[in-house]
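For reference, the structure is listed below as structure tokens.
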Amino acid sequence: MEKRKKVYLFVYTRKNVGDDLFIYLLSQRYENIDFYINPRYPEVYNELFKNCKNINMINEIINMEKIICSDYDAFVYIRRIYIYGACRYSKWTK
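Note that my numbering has the sequence shown beginning at 231, numbered continuously upward.
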């Protein structure tokens with residue numbers, strides 16, 4: 231059996247829909263990779279991703295400098311992702 235890859239996701243975990251959706255989509259697309267996140271609100275993210283078997287929570291406060299590089303196969307830094315929706319009235323909608 232092949233060893234699963236471990237990827238640390240350094241993401242914005244403050245109940246932001248865009249980032250949360252991106253984490254979910256990554257986990258669904260790459261089911262053979264174990265993802266690790268360090269959420270700001272662990273109780274919320276444990277519930278949010280409870281059905282995603284390849285998303286693992288690190289429930290302690292860690293500084294990026296203290297993460298041991300050899301523990302992970304890759305680091306992914308994701309800055310905030312915004313998903314906007316808007317309805318605008320326009321003269322073209324008549």
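Every residue gets a Cβ at the ideal spot worked out from N, C-alpha and C, and that includes glycine. Bear in mind the structure is a predicted one, so any value in this text is a computation, not a measurement.
(message) Using C-beta distances below 6 Å, list every residue in its chain close to ILE285, excluding the 5 sequence neighbours before and after it, in chain order.
(response) Numbered from its first residue, the sequence shown carries residue 285 at position 55. So the list reads SER257, PHE265, PHE279, once near-sequence residues are dropped.
(request) Tell me, please, which residues DSSP counts as bridged to ASP249. (result) Translated into the one-based positions of the sequence shown, residue 249 becomes position 19. When DSSP reads this structure, ASP249 sits in no beta bridge, so it has no partner.
(request) Indicate the three-state DSSP secondary structure (helix, strand or coil) for TYR307 in the structure shown. (result) Looking up residue 307 in the sequence shown gives position 77. In the structure shown, TYR307 sits in a strand (DSSP, three-state: E or B).
(request) Work out the CA separation of SER300 and GLY248 for me, nearest whole Å. (result) Counted from its first residue, the sequence shown places residue 248 at position 18. Counted from its first residue, the sequence shown places residue 300 at position 70. Take the alpha-carbon of GLY248 and the one of SER300: they are about 29 Å apart.
(request) Flag this pair as yes or no: are the beta carbons of ILE308 and PHE240 separated by less than 8 Å? (result) Walking along the sequence shown from the start, residue 308 turns up at place 78. Walking along the sequence shown from the start, residue 240 turns up at place 10. For ILE308 and PHE240, yes; Cβs fall inside 8 Å.
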